[in-house]
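Peer 1: Structure below; questions to follow.
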Amino acid sequence: FFGITNLLFENQQDWARQADGAAIAQALRNIGKVAGLSDEELDVCMTDAEKAQTLMAWYRTNGDADNVQGTPTFRINGEEYSNMTYEDFAAVLDEKIAEAN
Numbered sequence: 127f128f129g130i131t132n133l134l135f136e137n138q139q140d141w142a143r144q145a146d147g148a149a150i151a152q153a154l155r156n157i158g159k160v161a162g163l164s165d166e167e168l169d170v171c172m173t174d175a176e177k178a179q180t181l182m183a184w185y186r187t188n189g190d191a192d193n194v195q196g197t198p199t200f201r202i203n204g205e206e207y208s209n210m211t212y213e214d215f216a217a218v219l220d221e222k223i224a225e226a227n
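Residue numbers (our numbering): 127 to 227.
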């Protein structure tokens with residue numbers, strides 16, 4: 127799970143910005159191949175409309191519940207942090223850790 131998740135996030139700039147759905151699907155298939163999935167496993171995954179609808183419903187429900195407009199978005203003690211550089215976010219974390227101690 128985490129291996130393919132890492133690949134998806136590492137390559138998100140490439141696959142998410144494809145021109146159309148077919149190009150996105152092909153880019154995702156390529157990631158699946160790198161992760162070791164067979165053509166048959168990819169076919170099952172990429173053609174499971176019910177699973178796709180369930181996943182999208184879950185995504186929307188959770189995003190709406192927390193008012194998440196994009197990723198990454200972090201909530202720390204009820205405060206939202208989004209669209210930050212690593213350095214800025216590290217400073218926030220250091221501050222929150224210091225406050226907790």
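Here a beta-carbon is modelled for each residue, glycine too, at the ideal position from N, C-alpha and C.
Name the one or two DSSP bridge partners that F128 has.
Peer 2: Within the sequence shown, residue 128 is the residue found at index 2, counting from 1. Note: F128 sits in no beta bridge, so no partner.
Peer 1: Return the chain-ordered list of same chain residues with a C-beta closer than 7 Å to the C-beta of R155, the five sequence neighbours on each side being excluded.
Peer 2: Taking the sequence shown and counting its residues from 1, the one referred to as residue 155 is at position 29. The answer, listed in chain order, is L168, M172.
Peer 1: Quick check on the DSSP output: the beta strand (DSSP E) that includes T199 runs from which residue to which?
Peer 2: Reading the sequence shown from its first residue, position 73 is the one you call residue 199. Where T199 is concerned, the enclosing beta strand (DSSP E) stretches over 199 to 202.
Peer 1: Can you tell me where the beta strand (DSSP E) holding S208 begins and where it ends?
Peer 2: Taking the first residue of the sequence shown as position 1, residue 208 is located at position 82. Where S208 is concerned, the enclosing beta strand (DSSP E) stretches over 205 to 208.
Peer 1: Note down the Cα distance separating D140 from A216, rounded to an integer number of angstroms.
Peer 2: Reading the sequence shown from its first residue, position 14 is the one you call residue 140. Reading the sequence shown from its first residue, position 90 is the one you call residue 216. Looking at the two C-alpha atoms, the distance is approximately 26 Å.
Peer 1: Keeping to the same chain, check which residues put their C-beta closer than 6 Å to that of I130; ignore five residues upstream and five downstream.
Peer 2: Within the sequence shown, the letter at position 4 stands for residue 130. The residues are A161.
Peer 1: For I157 versus N137, is the C-beta spacing smaller than 8 Å?
Peer 2: Taking the sequence shown and counting its residues from 1, the one referred to as residue 157 is at position 31. Taking the sequence shown and counting its residues from 1, the one referred to as residue 137 is at position 11. Yes; because the gap between Cβ atoms is below 8 Å, this pair is in contact.
Peer 1: Let me make sure I understand the geometry here. Which of D146, A153, K222 has the alpha-carbon closest to that of L134?
Peer 2: Translated into positions along the sequence shown, residue 134 becomes position 8. Measuring from the Cα of L134, the nearest candidate turns out to be A153.
Peer 1: Closest by CA to F127, which one among D146, A148, A145, L163?
Peer 2: Counting from one through the sequence shown, the residue named residue 127 turns up at place 1. With distances taken between Cα atoms, F127 lies closest to L163.
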